[in-house]
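Here is the structure we will look at.
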């Protein structure tokens, strides 16, 4: 039996076990840096598989390692995130979340199951490859500053140092059995924008005595929509969205100030810095022209994610061998963000997408929705492919 068939056979045999693991995690979701039960489940699984690990990294993170023959010849890393989202689940299924207001709506339960499954497969065949595989179970991807920076600060990319890192994330717009990837810039940087527009409140019937911050805020929002006009790199998309506005006035009360929150996402650091400056300049100049003022705070978040050209080309080739060319899809750039980007700043990296959609089963909901779910057969693809990618790097 060839190694592809052996890994596929093991993934098929192990699938029921890792569906069950995924469901246990889904039933008991935990928010970032609070993944204590999740971490305990991972640790118990690794113990059962006979894989050495270290727990308590960045609070709830775990790093495990499997050594093949000649373990120092080449080291690679595989990563999964662990945290859930503050969403009340609306699915009616036997593995529905029991933690009120918390749900695995981004598939991190599946990421853990796939990485544990890959670990069990690789532990089974560790005498058939040279080098070592690090398994990084990372807390708190969803909430900035995220767990990746914390894990890196606690030296997960050291002792031993991996030559490259691979991450996998579910994608509900891609059919189960397929994967998608993109070389180069793939996911956007993300910054949080906080504006406080200050005017002069008063009675709504005496506008001549007031400086209405709601009107000023409205003009600022419209002006900011033109921010992309300053971007000379038209091939690199940018989005600036205001998602929250709060005035705390009434039908007959003009408030003294209005607060607005939003996000900026892009793919270039020079333009990102320029955009920060322009946002501040536009907001403050509009407010001043209308007799008010505006305080601007921009919280710089995750960097944009870059998939290494060579590593991604290799992974694409290995994935075609494993899945067939028709099941390996080229993706567009995404304006969503991912703290896996921090790993990609340290070492060559590839972050790809695992299809989990199954229209026949009604599994079509998007990420971060209260009805999100996955086709659990995709776990077989996910764990098998991760094991194959690791093996292919080390054979």
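Numbering (this note's numbering), first residue to last: 37 to 431.
For glycine and all other residues, C-beta sits at the position ideal for the given N, C-alpha and C.
Cβ distance (whole Å) where residue i is taken to contact residue j below 8 Å
i           : j           : result
residue 338 : residue 180 : 7 Å
residue 370 : residue 230 : In fact, because the Cβ distance is near 24 Å, the residues do not count as touching under 8 Å.
residue 436 : residue 330 : It is not possible to answer for residue 436, since the shown part of the chain is limited to 37 through 431.
residue 210 : residue 389 : 6 Å
residue 415 : residue 141 : So it is not a contact: roughly 17 Å between Cβ atoms.
residue 74  : residue 61  : 6 Å
Residue i - containing beta strand (DSSP E), residue span
i           : result
residue 91  : 89 to 93
residue 234 : 225 to 234
residue 388 : 385 to 393
residue 245 : Run containing residue 245: none; DSSP gives neither H nor E here.
residue 121 : Here residue 121 belongs to no beta strand (DSSP E), and DSSP marks it neither H nor E.
residue 299 : 293 to 302
residue 277 : 275 to 282
residue 382 : Taken as a continuous stretch (DSSP letters only), residue 382 belongs to no beta strand (DSSP E), being part of the alpha helix (DSSP H) at 377 to 382.
Pairwise C-alpha distance: residue j and residue i
i           : j           : result
residue 392 : residue 404 : 14 Å
residue 183 : residue 428 : 28 Å
residue 242 : residue 303 : 46 Å
residue 317 : residue 307 : 15 Å
residue 65  : residue 51  : 21 Å
residue 426 : residue 200 : 10 Å
residue 83  : residue 97  : 15 Å
residue 361 : residue 218 : 15 Å
residue 195 : residue 383 : 14 Å
residue 92  : residue 176 : 13 Å
residue 45  : residue 152 : 16 Å
residue 78  : residue 280 : 38 Å
residue 172 : residue 113 : 7 Å
residue 109 : residue 124 : 47 Å
residue 115 : residue 148 : 9 Å
residue 399 : residue 258 : 38 Å
residue 314 : residue 264 : 10 Å
residue 72  : residue 228 : 28 Å
Collapsed DSSP secondary structure at residue i in the structure displayed
i           : result
residue 208 : strand
residue 150 : helix
residue 314 : helix
residue 165 : coil
residue 340 : coil
residue 407 : coil
residue 418 : helix
Where the alpha helix (DSSP H) containing residue i begins and where it ends
i           : result
residue 357 : 345 to 359
residue 364 : Note, residue 364: premise wrong, no alpha helix (DSSP H); beta strand (DSSP E) at 364 to 366.
residue 435 : Past the boundaries of the shown model lies residue 435; the chain is included only from 37 to 431, so the question cannot be answered.
Residues bridged to residue i [DSSP beta-bridge criterion]
i           : result
residue 331 : 232
residue 203 : 115, 387
residue 430 : For residue 430, which the question treats as bridged, DSSP gives no partner whatsoever.
residue 259 : None, per the DSSP bridge assignment.
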